[in-house]
Every structure is written in C-alpha cells, then in structure tokens.
Amino acid sequence: LTRPRTIGFAGIFLGALAFWLALPPLAARTAALPVAVGIAALAAGSWAVTHGARRPGFGAVAAGLLGVAFGVLATRSSTAHLDQVVVWSALLAATLRYATPLLYAAIGGLYAERSGVINIALEGMLLSGAFFGIWATVWAHSWAGGAAWVVGIAGAAVAGMVFGAVHAVWAIHFKVDQVIAGTAINFLSLGITSYLFVDKYGVNGTPGNIDQYGIPDVHLHFIAGWYFVGPILGQLNLMIWLSFVLLVATYVFVFRTPYGLRLRAVGEHPRAADTVGISVFRTRYVAVIASGAIAAMGGAYLSIGFVHSFSQGMTNGAGFIGLAALVFGKWRPFPTWAATLLFGFSSALADRLPSAYGNQWGTLFQALPYALTLIAVAGVIGRSIGPAAAGRPYVRQ
Amino acid sequence: MADEPLAEELEEPSSGTPQPSQRFPAGFGGLAGALAPLATVVLAFVLSGIAIAAIGKDPLRVYRAILDGTGLNWFFHPGSHSIRLPFSTTHVWFPWDTASTAAQNLQQTLLLTTPIALTALAVAFAFRCGMFNIGGQGQYLVGSYVAVWIGSSLPHLNSPLHIAFAVVAATLAGAAFAGIAGLLRATVGAHEVISTIMLNWIAIWVGSYLLGLGGPLQNSSQPSILESKSVVDGAKLPVFWGPKLLQGLSVGVFIALAMLVVYWLVINRTTLGFSVRAVGFNPEAARYGGISVARNYFLAMAIAGSFAGLAGACDVLGWEFQLGQPDVQASQIGFIGLAAALLGRNTALGVGAASLLFGALINGTSGRQLDPTIFRPDLAGALTTIIQGLVILFVGLNLAGGIAWLRRRRRRTA
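Those protein sequence lines, which keep their order, are chains U and P.
Heads up, the first sequence is in our numbering, so the first residue is 1 and it goes up one at a time.
Heads up, the second sequence is in our numbering, so the first residue is 398 and it goes up one at a time.
Written as structure tokens, this is what we have:
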C-alpha cells in the first residue's frame with residue numbers, strides 16, 4: 001500500500017478532491033480546505049517522485065497545483081454561479097456527448113498509427129463522416145423512414161473509407177510523406193464537404209427535422225429514476241454506447257488477438273514482421289481504411305446523432321483533439337479513453353462557464369486539451385512515444 | 398504488460414524522422430524541379446474543372462471570371478499611361494493604367510499574397526532544417542494579436558517608431574511561439590508536427606478569449622461586439638498604391654519581397670543557413686561534423702516563427718486594422734502558406750510564385766470579386782480549398798519523375 005506508485009495516484013486523487021470540495025454539493029466557502037488538501041497532494045506527489053514513481057508523482061504535483069488554484073477560485077465565486085455551472089449530472093452527460101466524437105477519432109487514429117501510418121487526416125475523416133452521414137440519411141429518409149440513420153452511418157463509413165484509402169495509397173504505395181498526405185486530405189475533405197453542402201443545401205442548410213430520423217437515443221427507463229446516475233446514463237445516444245463497445249473491442253483486438261499482435265508488429269518493426277511472413281502492405285492498408293471508417297462514424301454521431309445539422313467545417317478541431325487524446329493516452333485504448341473524457345469535460349465546462357460569469361475566460365478551457373498534450377509530449381509527466389515505425393514508408397527488399 | 402509497445406530492443410535500421418530528401422524524391426533544382434509543380438497545378442485545376450462541370454457550370458467561363466477578379470489581367474492590357482515618382486510630383490510614362498479596376502483587383506491579390514508568402518517562408522525555413530512546421534497558422538495569429546495590441550495602444554507615439562515597435566514585437570512573438578516547438582524538439586525530441594498542431598489550437602482559443610466578451614483585447618467601448626480596438630493611424634503601414642480608405646496596397650508587400658531575398662541569402666550564403674541545411678539533410682552527419690543539431694532545431698523554428706509573426710503584423714497594420722473573434726476562428730492563412738511552401742518546393746523563387754498563385758486564387762474567388770451569376774462565391778471558396786488540397790496531395794508525388802518512369806517502362810515492355 002505504501003508503494004510510490006500508489007501514493008502518486010493517491011496524490012492525483014487528492015488534487016482532484018481539493019477542487020471538488022469547493023464545488024457543489026459541498027461547496028466549501030473557505031479557501032483553507034482546498035489549500036490543505038492540495039498541499040497533501042503536493043506532498044504525496046513529491047514523495048512519489050523522489051521514490052522513483054516519476055509519472056504518477058509529477059501527475060500528483062500538477063493535480064495538486066491545479067486543485068488549489070481552481071479550488072480557491074471556486075471559493076471566491078458566489079454559490080449561485082457555481083450551482084448554475086456545476087450541475088454534475090448535466091456536466092457529466094455533456095462530457096460524454098463531447099467526448100464521443102473524440103473517442104471515435106482517437107480509436108480510428110489508434111489503428112492507423114499502431115500499423116505505422118501517421119494519421120493527421122482524422123479531422124478531415126471526421127468531417128467527411130459528418131457530411132456524408134447527413135447526406136445519406138436525408139437521401140434514405142424517403143424510402144427507409146425512421147431507420148434512415150442506419151444508411152447514414154453506413155454512408156459516413158464509406159466516405160471515411162474512401163479518404164482512408166487515398167491516405168493509404170499515398171502513404172503506403174507512393175511513399176509520400178504521411179503528414180503531407182494527411183494535410184492534403186484535411187483540405188480536400190473541408191473543400192469537398194463545403195462544396196457539396198453549398199451546392200446541395202445552399203443557404204437554407206440541412207433539413208430541420210433530422211432529429212426525427214437521426215441516430216436515436218437509448219432510453220433506459222429502469223435507470224432513469226436512479227439518483228445521480230439516471231440523468232447521466234438514462235438517455236444517451238446509441239453512438240455513445242457503441243463507442244464503449246468499440247473501445248473494448250479495440251482493446252481485445254489489438255492486445256489480445258494474433259491479428260492485433262501482427263498490427264503492432266508492423267507498426268513497430270515492419271522488417272521483422274515481413275520476415276516472419278506478415279504482409280506489411282496489406283496490414284497497413286486494412287488499418288488505415290478502417291481508421292477512416294471509424295473516425296467518420298464519429299462524424300456521423302456529430303451531425304445526425306448530436307446537433308442534427310451540418311455546417312461548413314463543423315468539426316472545428318475535434319479530430320485534432322482526438323489525435324491529441326491518442327498521444328496523451330500513449331496510443332493505448334483505455335488511457336486514450338480517459339484522455340477523451342478529460343478533454344470532453346474541459347469542453348463541457350468551457351460551454352457552461354460563460355453563461356454564468358458573463359465573460360469568456362471559460363473559453364480558455366477549450367485550449368486545455370492542447371496544452372495538456374503539449375506538456376505530455378514534452379515529457380514532464382512521462383514522455384509519450386509513439387509506435388517506432390510511424391511515419392516511415394516501408395520498402396520491401 | 399501485454400499493452401506495452403513491442404520490445405524496444407528490436408532495432409530499426411533506418412531510424413529518425415524522414416528527411417527532406419526522402420520527402421521529395423526529386424531534387425530541388427533542375428528542369429524537373431520546376432516542371433513537377435506546374436504539372437501539379439494543371440492537374441489540380443483540371444480536376445477542379447470537373448467538379449465545376451459536375452454541377453452544370455462551364456469551367457472555362459468560371460476560371461475566366463476568377464482570373465478577371467484576380468487583377469492579373471492588368472498586365473495583359475498595356476497602354477500609354479503615367480505614374481508619379483515616389484517622394485516627388487514628377488510624372489513619368491508607364492505602360493499600365495495604375496487606377497483601373499484591374500489595378501485595384503491586383504492590389505487585393507498582392508495584399509493576400511503578402512501573408513501567404515511570409516507564412517510559406519515559415520514552413521520552408523523549418524523544412525530546410527528537416528522539420529515540418531504546421532504551426533504557421535498559430536504563429537501568424539500570435540503575431541497579429543501582438544500587432545493589434547501595440548498598434549491600437551500608444552496613440553501619441555511617433556509614427557515610424559510605432560510601426561517599427563509593433564512589427565518587431567509581432568515578429569518576436571511569432572518567434573517565441575514557434576520557439577516552444579523548436580525547444581521541445583531540441584531538448585526532449587518531441588515531434589514538431591504534434592507540438593505545432595497543439596500550439597495552433599492554443600493560439601486560436603487564446604485569441605478567442607482575448608477578443609471575446611470582456612477579453613483583454615476586446616474594444617471595451619462596444620462591449621457587445623467581439624472585436625478589438627482599431628489600430629491608430631500612426632501605426633498603419635503606408636499605402637503606396639490605390640486609395641488609402643479602400644484597402645489600397647500597403648508597403649507590406651515589399652516586406653514580403655525583402656524577406657524572400659533574406660530567406661535566400663540566409664539559406665544559401667550564410668554559415669547559419671549551411672548548418673541548418675546540413676542538419677536538415679542528415680542530422681547524424683551534421684553532429685559528426687561538429688554542428689549543434691539541437692541549437693539549429695531551435696533557431697530554425699524560431700526564425701520560421703518570426704516570418705509568420707511578421708505576416709500577422711503585415712495583415713493587421715496593412716489592411717485589417719482590427720481583429721474579430723470570428724476572423725481568428727476562420728483564418729486559414731497559415732495553411733495556405735503551407736500549401737504555397739510545398740508547391741514552391743521551399744525555394745525563394747518557388748515560394749514567391751506559389752504565394753502569388755494562391756493569393757490570386759483566393760482573391761479571385763472571394764465574394765467581393767466573383768460575379769455570382771457566373772459562379773457562387775461560397776462555392777468558389779470551397780473550390781479554392783479543394784484546389785489547395787489537390788495541390789498538396791499531388792505535390793508530394795513526383796509527377797515529372799513518374800512520367801519519366803512510365804516512359805522507361807513502356808520502352809522496356811515494347
């Protein structure tokens with residue numbers, strides 16, 4: 001129990017606690033409480049660092065500092081404002097809604113990057129899914145009725161696969177720099193979706209009744225009445241539940257099956273993989289095309305599951321936050337999921353803060369995912385190092 | 398520990414990030430070096446023409462209308478006109494009419510070319526050091542925040558001093574912002590692609606805060622409008638062509654031209670440029686030759702960022718004069734600069750030409766220039782994005798080399 005690692009994680013928990021104590025429902029009104037708990041977090045963190053657990057230790061130090069800072073800020077603002085912003089059930093439900101497109105993008109990216117192909121085209125793939133998802137849904141509405149969203153998800157996945165295939169051909173076959181190819185796809189996707197959107201829907205925008213035949217919410221009536229959990233999980237979109245399934249399936253596939261082992265081998269050491277008879281090219285093609293399909297499904301959730309409309313460039317960096325989550329989560333499924341939740345939470349908070357405080361400093365929370373990822377790649381809290389062969393085309397000998 | 402990345406002891410023979418020589422299979426110079434970008438542009442325009450035809454418009458007519466809007470047709474109509482010499486009242490003969498509509502269009506094209514060329518240099522300089530700077534957009538934005546901050550304060554400062562102060566501060570801000578990525582690459586080896594993407598979005602959201610409701614840069618006399626104060630007259634760059642009040646061409650375009658020359662000189666004629674290129678070509682060999690790789694990574698990124706910061710200053714002090722929150726979110730200049738650098742193959746001449754092409758394209762497809770009865774400007778704007786994407790997609794391919802390869806192959810099979 002006194003292992004440095006455990007103490008480090010306890011410190012992270014204390015740091016979060018320092019902030020939480022100052023928020024509803026407890027809403028401590030004295031700054032001393034968060035400061036005291038925060039100092040305990042700092043102490044635990046520094047002890048863990050000096051005893052060898054650098055990563056959780058520095059995490060605890062950071063959590064302690066942030067906990068004290070935000071905790072003191074919260075004690076100085078009025079309870080009425082706090083109550084307006086921090087409605088935990090609403091905040092957490094919003095976190096899940098914001099985190100879901102990020103999770104799809106990140107899992108899509110995981111497949112491509114684990115196979116050794118850098119995918120900064122996630123943003124474009126997400127956007128293509130958002131547009132072609134809504135397009136296919138509107139088209140299918142006349143003959144498929146309320147089930148049009150199934151066609152929508154399929155349409156989005158196909159669009160993502162097309163962009164994924166282009167990326168794959170360029171990165172694997174033409175051996176073009178993968179960052180350049182990804183940048184090109186982001187541009188192409190933005191251009192093509194905007195072009196078709198203006199031509200097809202013009203100034204009126206997408207039809208206003210898509211909520212009637214978009215991706216449905218899952219109503220769990222037996223849960224809905226439960227304290228706290230009910231409002232969060234009682235009515236979530238189908239795609240959110242599907243993303244959890246996808247997450248577990250991805251973990252099992254990548255880390256518990258021979259196919260996953262081959263995928264990782266190709267991403268870490270393609271020459272060795274080739275030598276034992278794994279087709280590097282085929283593995284990478286499948287991975288990158290799957291990457292496009294998965295990311296595009298996140299886009300479909302965004303357009304036909306969440307906001308029920310499309311606007312030009314509507315993903316607005318969600319694909320890049322997904323990429324950031326992947327880096328922050330060190331290319332592993334569950335840490336990546338945790339990162340998307342953290343980033344989703346900061347978006348949800350940034351959304352709610354201005355309504356109560358009337359100015360926009362809450363906007364800065366939108367920058368938090370990027371700042372945290374920058375710190376993560378800088379190695380202050382444990383370096384993030386990607387698959388060894390990512391970015392390098394494979395040449396057969 | 399099944400989810401650990403596979404054993405690190407496996408050694409990959411060709412380690413390290415791809416070098417420019419690998420990124421572009423063809424050499425930088427020679428006939429092929431100039432032909433491939435041309436082929437790229439032609440291919441991109443042909444494919445976009447198909448997109449125009451697909452919605453029932455005549456591509457040639459649309460391209461013609463776009464060309465007319467760019468003002469580049471100004472050069473096609475020489476005549477007998479006169480021009481006033483700078484700093485005097487003397488008029489001398491000049492082959493073109495400097496007050497025509499085409500001339501005004503050309504001014505707008507050159508206004509747009511200026512920041513594109515500078516952000517393109519930001520990409521090109523880092524590229525020569527073997528780094529891919531996607532952060533031009535963020536560095537440009539940071540430069541423009543600083544320029545609008547200094548330009549809109551200090552109303553009683555002497556005008557040339559004020560301009561110089563704002564321009565230098567914006568340049569340094571861009572350098573510092575890019576320097577973060579350079580420092581991370583130099584010290585801990587953090588990949589500059591990831592860090593500059595993150596810095597881009599940090600710049601966007603910090604700007605949204607600065608210019609948002611009650612933000613530090615927002616104009617406090619109009620609290621409901623998400624815009625900064627206007628740059629005071631003394632801090633505006635002098636306009637040398639066209640009407641001052643209707644976005645005439647500022648001297649910013651000369652700054653961009655001068656920087657293209659500076660770029661060429663630094664890269665090709667200085668020790669710094671030599672070591673930057675050496676690191677870009679092969680960091681291991683450079684280190685063996687006694688060049689500090691880390692120092693060059695940092696310096697190259699900082700210099701790259703200073704070009705982009707300068708671009709922000711040229712835009713804010715040259716014609717924008719104020720920044721709005723929506724502008725910050727929608728701005729794409731840095732990414733267009735990225736496309737221009739790739740198309741121009743990171744050479745000074747190529748970057749200049751590619752920037753003019755993109756500046757003209759964006760101006761020609763803008764709502765202000767394009768006749769909506771021929772082609773809707775919002776469609777044309779999307780078309781511009783498609784063309785940029787196609788250019789970036791094909792520029793990485795060695796088109797000229799590909800054609801040569803096809804020909805060899807045909808000869809072999811015949």
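A virtual CB, placed ideally from N, CA and C, is assigned to each residue, including glycine.
To the nearest angstrom, how far is the alpha carbon of residue i from that of residue j?
| i | j | result |
| --- | --- | --- |
| residue 346/U | residue 281/U | 39 Å |
| residue 664/P | residue 157/U | 46 Å |
| residue 343/U | residue 3/U | 29 Å |
| residue 130/U | residue 509/P | 31 Å |
| residue 49/U | residue 8/U | 8 Å |
| residue 478/P | residue 654/P | 26 Å |
| residue 560/P | residue 774/P | 35 Å |
| residue 55/U | residue 720/P | 41 Å |
| residue 649/P | residue 64/U | 48 Å |
| residue 215/U | residue 41/U | 43 Å |
| residue 62/U | residue 38/U | 10 Å |
| residue 313/U | residue 780/P | 14 Å |
| residue 582/P | residue 133/U | 39 Å |
| residue 759/P | residue 272/U | 48 Å |
| residue 397/U | residue 174/U | 16 Å |
| residue 167/U | residue 596/P | 24 Å |
| residue 558/P | residue 616/P | 24 Å |
| residue 188/U | residue 163/U | 9 Å |
| residue 68/U | residue 6/U | 21 Å |
| residue 387/U | residue 681/P | 22 Å |
| residue 747/P | residue 434/P | 9 Å |
| residue 274/U | residue 519/P | 39 Å |
Excluding the 5 residues preceding and the 5 following residue i in the sequence, name in chain order all residues of the same chain whose CB lies nearer than 7 Å to its CB.
| i | result |
| --- | --- |
| residue 391/U | 118, 178 |
| residue 418/P | With a pLDDT of only 41 at residue 418/P, under 50, the local geometry of the prediction cannot be trusted, and no value is derived from it. |
| residue 29/U | 75 |
| residue 283/U | 115, 262, 263, 266 |
| residue 60/U | 8, 11, 12, 15, 41, 44, 45, 48 |
| residue 532/P | 575, 578, 593, 596, 597 |
| residue 389/U | 116, 267, 268, 269, 270 |
I'd like the list of long-range same chain contacts for residue i, defined as Cβ closer than 6 Å, with 5 residues on each side in sequence excluded.
| i | result |
| --- | --- |
| residue 600/P | 535, 538, 539 |
| residue 148/U | 137, 140, 141, 213 |
| residue 235/U | 217, 219 |
| residue 105/U | 122, 126, 295, 298, 319, 322 |
| residue 224/U | 230, 234 |
| residue 171/U | 117, 178, 181 |
Which partner residues does residue i have in the DSSP bridge list?
| i | result |
| --- | --- |
| residue 217/U | 237/U |
| residue 646/P | 638/P |
| residue 615/P | 625/P |
| residue 481/P | 488/P |
| residue 721/P | 624/P |
Could you pull out every residue in the same chain whose Cβ sits closer than 8 Å to the Cβ of residue i, ignoring the five residues on either side in sequence?
| i | result |
| --- | --- |
| residue 576/P | 695, 698, 699, 702 |
| residue 378/U | none |
| residue 334/U | 247, 251 |
| residue 624/P | 608, 615, 616, 719, 720, 721, 722 |
| residue 726/P | 601, 605 |
Any beta carbon from chain C within less than 8 Å of residue i's own beta carbon?
| i | result |
| --- | --- |
| residue 180/U | In summary, chain C is missing from the structure at hand, where the protein chains are U and P. |
With hydrogens ignored, establish whether the beta-carbon of residue i is closer than 7 Å to any heavy atom of the ligand ADP.
| i | result |
| --- | --- |
| residue 81/U | For the structure depicted, the ligand ADP is absent and the ligand set is empty, with no information on it obtainable. |
**Item:** Cβ pair count under 8 Å reaching 3, the stretch 560-570 of chain P against the stretch 695-714 of chain P
**Value:** yes
**Message:** I'd like to know if the stretch 97-116 of chain U and the stretch 320-330 of chain U are in contact, where contact means that at least 3 CB-CB pairs between them fall below 8 Å.
**Reply:** yes
**Message:** Between the stretch 361-377 of chain U and the stretch 592-612 of chain P, can you find at least three pairs of beta-carbon atoms closer than 8 Å?
**Reply:** yes
**Where the stretch 598-624 of chain P meets chain U: residues whose CB sits under 8 Å from a CB there** = 598, 599, 601, 602, 603, 605, 606, 609, 610, 611, 612
**Request:** Tell me, please, whether the stretch 728-744 of chain P touches the stretch 777-795 of chain P by the rule of three or more beta-carbon pairs shorter than 8 Å.
**Result:** yes
**Prompt:** Is it a yes or a no for the stretch 762-777 of chain P touching the stretch 464-480 of chain P, going by three-plus beta-carbon pairs under 8 Å?
**Reply:** yes
**Message:** Check whether the stretch 298-315 of chain U and the stretch 186-206 of chain U are in contact - that is, three or more C-beta pairs closer than 8 Å.
**Reply:** yes
**Request:** Report the residues of the stretch 183-214 of chain U with a CB closer than 9 Å to any CB of chain P, ordered along the chain.
**Result:** 183, 184, 185, 186, 187, 188, 189, 190, 191, 192, 193, 194, 195, 196, 197, 198, 199, 202, 203
**Message:** What are the residues in the stretch 761-786 of chain P lying within 8 Å of chain U by C-beta distance?
**Reply:** 773, 775, 776, 778, 779, 780, 781, 782, 783, 784, 785, 786
**Message:** For the pair the stretch 511-523 of chain P and the stretch 710-730 of chain P, tell me if three or more CB-CB distances fall below 8 Å.
**Reply:** yes
**Prompt:** When you check each C-beta in the stretch 449-482 of chain P against every C-beta of chain U, which residues fall closer than 7 Å?
**Reply:** 452
**Asked** When Cβ atoms are compared, which residues of the stretch 304-333 of chain U fall closer than 9 Å to chain P?
**Response** 312, 313, 316, 317, 320, 321, 323, 324, 327, 330, 331, 332, 333
**Request:** Return the residues of the stretch 585-598 of chain P that lie within a Cβ-Cβ distance of less than 9 Å from chain U, sorted by chain order.
**Result:** 585, 586, 587, 588, 590, 591, 592, 594, 595, 596, 597, 598
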